[in-house]
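Student: After the structure tokens below, expect a handful of questions from me.
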Amino acid sequence: MDPRMYDVWKYVLLALNIAGYVFAFFLIPRIILERRHPSATLAWMLAILLLPLIGIPLYFLIGVRRVRRHIRAKIAAVGPVASSLSNRLRPEELPTDVGERCGRVLLAAGTPPPTEGNRVTFLRGGDEAYDAVLSLIGSARDHLHAQFFILDVDPVGRRFIQALAARAREGIRVRLLLDAVGSWRALRRTVRPLREAGGEVAAFLPAFPLHRRWSAHLRNHRKLLIADGRKAFTGGMNIGRKYLGPRTSKEQWRDIAAVIEGPALPDLQSLFLDDWAFATEETNPAGDLFPPPFRFEVGASPRCALQIAASGPDRETRPIYEGVFAAFTAARRRLWIETPYFVPDDGIGAALRNAALRGVDVRLIVPGTSDLRIVSLAGRSYFDEMMGSGVRIHLYRPTNLHAKVLVVDDDVGVIGSPNVDMRSFFLNFELGVFLYGRPQIEALANGFLKDLESTDPVDPVRFTRRPRSLQLLEDTCRIFSPLF
60 MDPRMYDVWK YVLLALNIAG YVFAFFLIPR IILERRHPSA TLAWMLAILL
110 LPLIGIPLYF LIGVRRVRRH IRAKIAAVGP VASSLSNRLR PEELPTDVGE
160 RCGRVLLAAG TPPPTEGNRV TFLRGGDEAY DAVLSLIGSA RDHLHAQFFI
210 LDVDPVGRRF IQALAARARE GIRVRLLLDA VGSWRALRRT VRPLREAGGE
260 VAAFLPAFPL HRRWSAHLRN HRKLLIADGR KAFTGGMNIG RKYLGPRTSK
310 EQWRDIAAVI EGPALPDLQS LFLDDWAFAT EETNPAGDLF PPPFRFEVGA
360 SPRCALQIAA SGPDRETRPI YEGVFAAFTA ARRRLWIETP YFVPDDGIGA
410 ALRNAALRGV DVRLIVPGTS DLRIVSLAGR SYFDEMMGSG VRIHLYRPTN
460 LHAKVLVVDD DVGVIGSPNV DMRSFFLNFE LGVFLYGRPQ IEALANGFLK
510 DLESTDPVDP VRFTRRPRSL QLLEDTCRIF SPLF
């Protein structure tokens, strides 16, 4: 290299480093005021101070944990009012003390009150879920609203778009909201038939700074399909053959979803409209969005009280986290968890250990082989302390486990999009359904026991004998888990 060019680059790098340290001087107080977990705060401070040219851009790319809602759907506020007041419950009207405690905390954290009289149908097979999605799409008479984290570019993803496009051509209003990162491939070409048929498609939080509202890591993880504001499909399943399909196969992941009918639908509709308004700035979309309460036919399956909880980096509180924590600390008999990603923060970890020490039957099912190796390694770093307190851990073997289920005594059941990890609780936009009906909770418990038959229990003694190199790798992943 020409010596003169070398000198130029040397001074350029020196200037950039000086600018970086000056910028870090103003940025570090902001990070401290964000009140993150101390380990996350320290990690970002060290990264910015030691390597400002890398740490500062990385912070703005993946470190920002809050997003402002520049606009909210004006109609979203109608949701809690649209459901008949006679179907709303005060927390003290819930059937159990644990349910009352959980419902009260959720309400105080900003979640709408529970609704009674809902019908919930669980879908544990990919073929059942596939049929339910297509049936729901075919049942619409006014509009279809769908939002998913992942729409895979595969036969199932294309069939989903074809079904929506067919309804759009028939005059049904179709709105599809996809996460800009989780569905980036589908947003390029796969959704084109729906747009050409007159449907509307929007991307949630593009990852590139050229957009006015963007984020590389704050993702919309919700899964929701609503027909006419009367019936909804939700849970942990995305759209793709890994999650659902016409034929169940060994490659298909173990997952769970639910179809919900009843007074809770306005809360789900409001949530979709709020996300749609944020992505599109459309605050008053056309359609009969909040129809009269659904009337069930005689002899319908048992109905239950439930509460729709949404969390995200746009909210001051963390309703799902607070509700889960309240349920965990109130458990007296059993606390069963099924989750694909287990990376608890200090509070949830302490609640689980404390419950086990109190004699509560605490069981955890996680994948034997995870699709996210780094997250799995971070989660396994918690196994020693969990099992040391009496928590029983089981590894699901037949396929990848993607189900997200919580069962607390006979009083509270939770399904939805959140995992028991810090990303779901603190970074993602999530949707959780808190169930307070005994038959529905027992159905979740029976499904848990069924999955338990396909697991291998983790032996605490053998687990402690794993190689030191593996322990080091697990603990290293754990250090960085607050940044995931």
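All residue numbers for the sequence shown refer to the working numbering, where the first residue is 60 and numbers rise by one.
Every residue gets a Cβ at the ideal spot worked out from N, C-alpha and C, and that includes glycine.
All values reported here derive from a predicted model rather than from experimental measurement.
If I'm right that V471 touches G258 with Cβ under 8 Å, what's the distance once you round it to whole angstroms?
Tutor: Not a contact, Cβ separation roughly 37 Å.
Student: Given a cut-off of 7 Å, decide if P171 and G162 are closer than it, judged by their beta-carbon atoms.
Tutor: The answer is no: Cβ separation not under 7 Å.
Student: Kindly confirm or deny that the stretch 217-231 and the stretch 183-200 touch, where touching means at least three C-beta pairs closer than 8 Å.
Tutor: A contact exists between the stretch 217-231 and the stretch 183-200.
Student: State yes or no: is the C-beta of G449 within less than 7 Å of the C-beta of A415?
Tutor: Yes, they are a contact pair.
Student: T388 and A410 - do their beta-carbons sit closer together than 7 Å?
Tutor: Yes, these two residues count as a Cβ contact at 7 Å.
Student: Per the contact definition of three or more C-beta pairs closer than 8 Å, is the stretch 178-195 in contact with the stretch 391-408?
Tutor: With a cut-off of 8 Å, the stretch 178-195 and the stretch 391-408 do not count as touching, because too few Cβ pairs lie within range.
Student: In the DSSP assignment, what are the bridge partners of W312?
Tutor: In the DSSP output, where bridge partners are listed per residue, W312 has none listed.
Student: Which ranges does the alpha helix (DSSP H) cover as unbroken runs of at least 4 residues, wholly within the stretch 274-346, from first to last along the chain?
Tutor: The qualifying runs are 324-339.
Student: Got a sec, what are the start and stop residues for the alpha helix (DSSP H) F485 sits in?
Tutor: Looking at the DSSP string, the run of the alpha helix (DSSP H) that includes F485 is 481-485.
Student: Please classify C536: does DSSP put it in a helix, a strand, or coil?
Tutor: DSSP places C536 in helix when its eight states are reduced to three.
Student: Mind checking who S370 pairs with in its DSSP beta bridge?
Tutor: S370 is bridged to E489.
Student: Hey, quick one: how far does the beta strand (DSSP E) through D420 stretch, first residue to last?
Tutor: Residues 420-426.
Student: For the beta strand (DSSP E) that contains Y455, what are its first and last residues?
Tutor: 451-455 is the extent of the beta strand (DSSP E) around Y455.
Student: Which stretch, first to last residue, makes up the beta strand (DSSP E) that contains L182?
Tutor: 174-182 is the extent of the beta strand (DSSP E) around L182.
Student: For the alpha helix (DSSP H) that V260 lies in, which residues bound it at each end?
Tutor: Unbroken run through V260 is the beta strand (DSSP E), 259-263; no alpha helix (DSSP H).
Student: Can you tell me the Cβ-Cβ gap for R278 and F331, rounded? I've got them flagged as a contact below 8 Å.
Tutor: In fact, because the Cβ distance is near 16 Å, the residues do not count as touching under 8 Å.
Student: Measure the C-alpha to C-alpha separation of D347 and V260 and round it to an integer number of angstroms.
Tutor: Cα to Cα, the separation comes out at about 19 Å.
Student: Output needed for H129: all residues of its chain with C-beta closer than 6 Å, excluding positions within five of it in sequence on either side, in chain order.
Tutor: For H129, the predicted structure reports a pLDDT of 49, less than 50, and the residue's modelled location is therefore unreliable. A value from the coordinates is still provided. Here the set comprises nothing.
Student: Take the Cβ of P37 as the centre, count every other Cβ of all protein chains shown within 10 Å, and call the residue buried at 16 or more, exposed below.
Tutor: Only positions 60 to 543 of the chain appear in this structure, which leaves residue 37 out of reach.
Student: Looking at C-alpha atoms only, which residue of N177, K509, E175 is the closest neighbour of E397?
Tutor: The option with the nearest alpha carbon to E397 is K509.
Student: Excluding the 5 residues preceding and the 5 following T376 in the sequence, name in chain order all residues of the same chain whose CB lies nearer than 6 Å to its CB.
Tutor: Here the set comprises A168, G169.
Student: Report the option in L431, R451, D443, G506 whose CA atom is closest to the CA atom of V466.
Tutor: Comparing Cα-Cα distances from V466 to each of L431, R451, D443, G506, the minimum goes to G506.
Student: Around the Cβ of A141, are there at least 16 other Cβ atoms within 10 angstroms (buried) or fewer (exposed)?
Tutor: Low confidence applies here, because A141 scores a pLDDT of 45, under 50, leaving its location unreliable and the question unanswered by this model.
Student: Can you name, in chain order, every residue of its own chain whose Cβ lies under 7 Å from the Cβ of E512, other than the five neighbours on each side?
Tutor: Counting only Cβ-Cβ distances below 7 Å, and skipping sequence neighbours, we find nothing.
Student: Taking the C-alpha atoms as reference points, what is the distance between I433 and V402?
Tutor: So the alpha carbons of these two residues sit roughly 11 Å apart.
Student: Looking only at its chain, what residues have a beta carbon closer than 7 Å to the beta carbon of Y380, apart from the 5 residues adjacent to it on each side?
Tutor: Here the set comprises S370, F484.
Student: Have a look at E255, P116, D238 and flag the residue whose alpha-carbon is nearest the alpha-carbon of L264.
Tutor: Among E255, P116, D238, the Cα nearest to that of L264 belongs to D238.
Student: Quick check on this structure: which residue in R524, D443, L283 has the alpha carbon closest to the alpha carbon of A316?
Tutor: Nearest C-alpha to A316: L283.
Student: Just to confirm, are R160 and A385 a CB contact at a threshold of 7 Å?
Tutor: Yes, Cβ-Cβ distance for R160 and A385 is below 7 Å.
Student: Exposed or buried, which one is S329 when buried takes at least 16 other CB atoms within 10 Å?
Tutor: S329 comes out buried.
Student: For L109, does the three-state DSSP call read helix, strand or coil?
Tutor: Note: L109 maps to helix in three-state DSSP.
Student: Can you give me the Cβ contacts of A135 inside the same chain, cut-off strictly under 8 Å, excluding the 5 residues immediately before and after it?
Tutor: Residue confidence is low: A135 scores 46 on pLDDT, short of 50, so the model does not pin down where it sits. Its coordinate-derived value is still stated next. Correct list, in chain order: S329, L330, L332, D333, A336.
Student: To which residues does DSSP link L465 through a beta bridge?
Tutor: Paired residue(s): I396, V473.
Student: If you count every other CB in all the chains shown that lies within 10 Å of the CB of K301, and 16 or more means buried, which is it?
Tutor: When all chains shown are included, K301 counts as buried.
Student: Is there a Cβ from chain C that is less than 7 Å from the Cβ of L165?
Tutor: This model lacks chain C altogether; it includes just one protein chain.
Student: Just verifying my parser: in three-state terms, what is the DSSP assignment at R362?
Tutor: In this structure, R362 counts as strand in the three-state DSSP scheme.
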